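In case it helps, the numbering used here puts the sequence shown at residues 86 to 675.
The structure appears below as structure tokens.
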Amino acid sequence: MSTSNYDPELLKKNLQELESLTVRMVKAISQKRESDPAMQGPSMDLYAKAAAAYYAEMMAKPERMIEQQVQFWRKSLENFSNAQQKLSDEEKPELAKPTDRRFKNPLWETNPYFSFIRDQYLLSSETIQETVDNLGDIDNHEKQRVQFFSRQMVDMFSPSNFFGTNPDALEKAMETNGQSLVDGLSNFVRDIEANSGELSVTLADPNAFEVGKNIATTPGAVVFRNRMFELIQYVPTTETVHKTPLVIFPPWINKFYILDLKEQNSFIKFAVSQGFTVFVVSWVNPDETYRDVGIETYVKEGVFAAVEAVLEITGTKKVNAIGYCIGGTLLTIALAHMAKHGDERIKSATFFTTLTDFEEAGELGVFIDEDFLAAIEREVDGRGYLDSFFMSRTFSFLRANDLVYGPAVRSYMMGEAPPAFDLLFWNGDSTNLPALMAKEYLRKLYAGNDLAHDRFEVDGEAVKMADIKTPLFAVASESDHIAPWRSSFTGLSRTSGEKQLVLAESGHIAGVVNPPSSGKYGYWLNNDGFENAEEWQKAGQHFKGSWWEHWAKWLGERSGKQVEARAPGNKKHPILCDAPGTYVAAKRKK
């Protein structure tokens, strides 16, 4: 570690600045709003069950526990011996290419202190995970929860997350005479003050993007508005368009412009370029006045209202529709209700990473238990909505090293400014959920799996996915931790119409936002029925590049003849304002 830049006066000044920032930090933390403590983690019952299962395992198979402990002691001793060897070894060891991004600094390999700490941490992590994985005498769901939350704790205690055991942070503090610590604490205080005393790491430079200026810029106009959404119609870029228009229902947990980030990765811009008349629903960011808005309201005042407006504007009798994530779940519910009543206004449906069968709901399922559900219900009953802060934090902890600890280290310990990254900017621009809707979503869909079991009701009538005969195109993502692809396909396979299932590489976002120009991720295609996930993927044909063009061809064949391109709006639905509208600009209430 270099000390050539050492400046005692500058160091003293920076240390004094740290003191004043600490005063601000304490004041900001003292303003922390009240929230149910049970929303911060699982109840003690889970830990008690895990401890009981471990004790039972120890009593039933003591030899396994003893062997594991002996192995841990042996490897710990070897680790200590290796550190001693490095202390006395004059030759520098050959550097291995790090596979873990947390330990990229060469000092993790060459310095005996850091090398020992890293290796002992990794050894302990492996032992803890192995112990949890081998737990018997515990319900499978409870075991998944123990595995998840134990991994959260293991990740949290990585030596890279602490200043005294992070060579990058120590080096930078020395090189900058403590300026990096001042900048880091300033970043920390900024985030605490911005979130009413709660900590939420700023992932992207908040000043790098402005919605409607350099993000969400595809030309269009708001042509309809009600209390639930604004309907945006985009300006055509082709002389003619397909007769059947396209309306997109994004998730309302986030804002719609995930599909319209920058020009080069905008799905909406791509769809317009393919000769479709494109509409998108921009959901309202609800406050306490939306307390009694449930999923049925999203169906009636959302899907049905949007479809009716699109038909009136275009003069057609049918539309094609896309549903993304929970927007796809909503579209499924709407389609099932429409099928029950002979309503065929939706000609085809495309689904992006959509869950309709929540039996195997992925890592989010660890939060669907009585301890969390009861806490969330108490929170929303008091506030009238589920603050976007909680959902955003939950999603971030599904990838804690990438979305929590890594950014925190760079921002708070290294004093770095967050990057100008459009996807992370969108990720931080989340929305609230109405109280009733949040409870229905968690209790009826996730916990009860009512939709898959034909129990979910609209207008007092249970809807059935089997009634849906609409042709569908479903995209799931191979490494999706929010909507696991097997569950996505299992649920949508319950519909009765023609199906085109596509498995994209990557995850919940990157598998969908994958323009042809990127050349990053491919996809699998298999036209056979979906019964066994592994066999379906193995028998499928793999294609390089984006699935977007394949989808455009599929939809084009179901979108009718070419007609003259349509400008946004008409006499009945005049332009209200330019895209991206006003609802998308609403900020989280603090």
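For each residue, glycine too, the CB sits at the ideal point set by N, CA and C.
None of the values given here were measured: they were computed from a predicted structure.
Check                                                                                                                  : Outcome
Nearest-angstrom Cα separation, counted from histidine 566 out to lysine 423                                           : The sequence shown places methionine at residue 423, not lysine. Answer to the nearest angstrom: the Cα atoms are 31 Å apart.
Threonine 745 - partner residues in DSSP beta bridges                                                                  : Lying outside 86 to 675, the shown extent of the chain, residue 745 is not represented and no answer is given.
Collapsed DSSP secondary structure at valine 155 in the structure displayed                                            : helix
C-alpha distance - leucine 284 paired with serine 581, whole-angstrom precision                                        : 47 Å
Anticipated Cβ contact below 8 Å, serine 515 with asparagine 339, distance rounded                                     : 6 Å
Residue closest to alanine 356, alpha-carbon to alpha-carbon, out of Val326, Leu508, Arg203 and Gly379                 : Val326
Methionine 86 to serine 564 span [Cα, whole Å]                                                                         : Summary for methionine 86: the model assigns pLDDT 49, below 50, so the residue's position carries little reliability; its value from the coordinates is reported in the next sentence. The alpha-carbon atoms of methionine 86 and serine 564 are separated by roughly 39 Å.
Where the alpha helix (DSSP H) containing leucine 288 begins and where it ends                                         : Unbroken run through leucine 288: none, as it is neither H nor E.
Valine 392 vs valine 332 beta-carbon contact at 8 Å                                                                    : yes
N-terminal and C-terminal residue of the alpha helix (DSSP H) that alanine 551 is part of                              : Per DSSP, alanine 551 belongs to no alpha helix (DSSP H) and is neither H nor E.
Reference arginine 376; option with closest CA among Tyr606, Pro519 and Ala289                                         : Pro519
C-alpha distance - glutamine 125 paired with methionine 259, whole-angstrom precision                                  : 36 Å
Span separating the alpha-carbon of arginine 528 from that of threonine 184                                            : 40 Å
Distance, tyrosine 409 Cα to leucine 346 Cα                                                                            : 15 Å
Beta-carbon proximity check, lysine 447 vs alanine 568, cutoff 8 Å                                                     : Looking at the sequence shown, residue 447 is not lysine but glycine. In this structure, alanine 568 lies closer than 8 Å to glycine 447 by Cβ.
For glutamate 445 and arginine 430, the rounded distance between their alpha carbons                                   : 32 Å
Assigned secondary structure, leucine 220 (DSSP; H/G/I helix, E/B strand, else coil)                                   : coil
Between the CA atoms of leucine 344 and isoleucine 353 - distance to the nearest angstrom                              : 6 Å
Whether serine 243 touches isoleucine 213 by CB criterion (8 Å)                                                        : no
Given 8 Å, three or more beta-carbon pairs between the segment 390-406 and the segment 307-322                         : yes
Other residues of its chain near leucine 579: CB distance less than 8 Å, five sequence neighbours each side excluded   : This sequence places arginine at residue 579; leucine is not what is there. Thr441, Asp442, Ala537, Met550 and Ala551, listed in sequence order.
Validate contact between the segment 609-627 and the segment 645-663 using beta carbons, cut 8 Å, 3 pairs              : no
Spatial neighbours of alanine 671 in its chain, beta-carbon cut-off 7 Å, leaving aside the 5 residues before and after : Asn370
Buried versus exposed call for leucine 172 [16 or more other C-beta atoms within 10 Å across all chains shown]         : exposed
Cβ neighbour criterion (16 or more within 10 Å) applied to valine 111                                                  : exposed
Spatially closest choice to lysine 97 from Val320, Glu462 and Asn262, by CA coordinates                                : Asn262
Distance between arginine 540 and lysine 657 (C-alpha atoms, nearest Å)                                                : 38 Å
Meets three-Cβ-pair contact criterion under 8 Å: the segment 490-498 and the segment 284-300                           : yes
Element boundaries [alpha helix (DSSP H), containing threonine 399]                                                    : 390-399
The alpha helix (DSSP H) enclosing lysine 623, as first and last residue numbers                                       : 618-624
DSSP three-state assignment for arginine 310, whether helix, strand or coil                                            : strand
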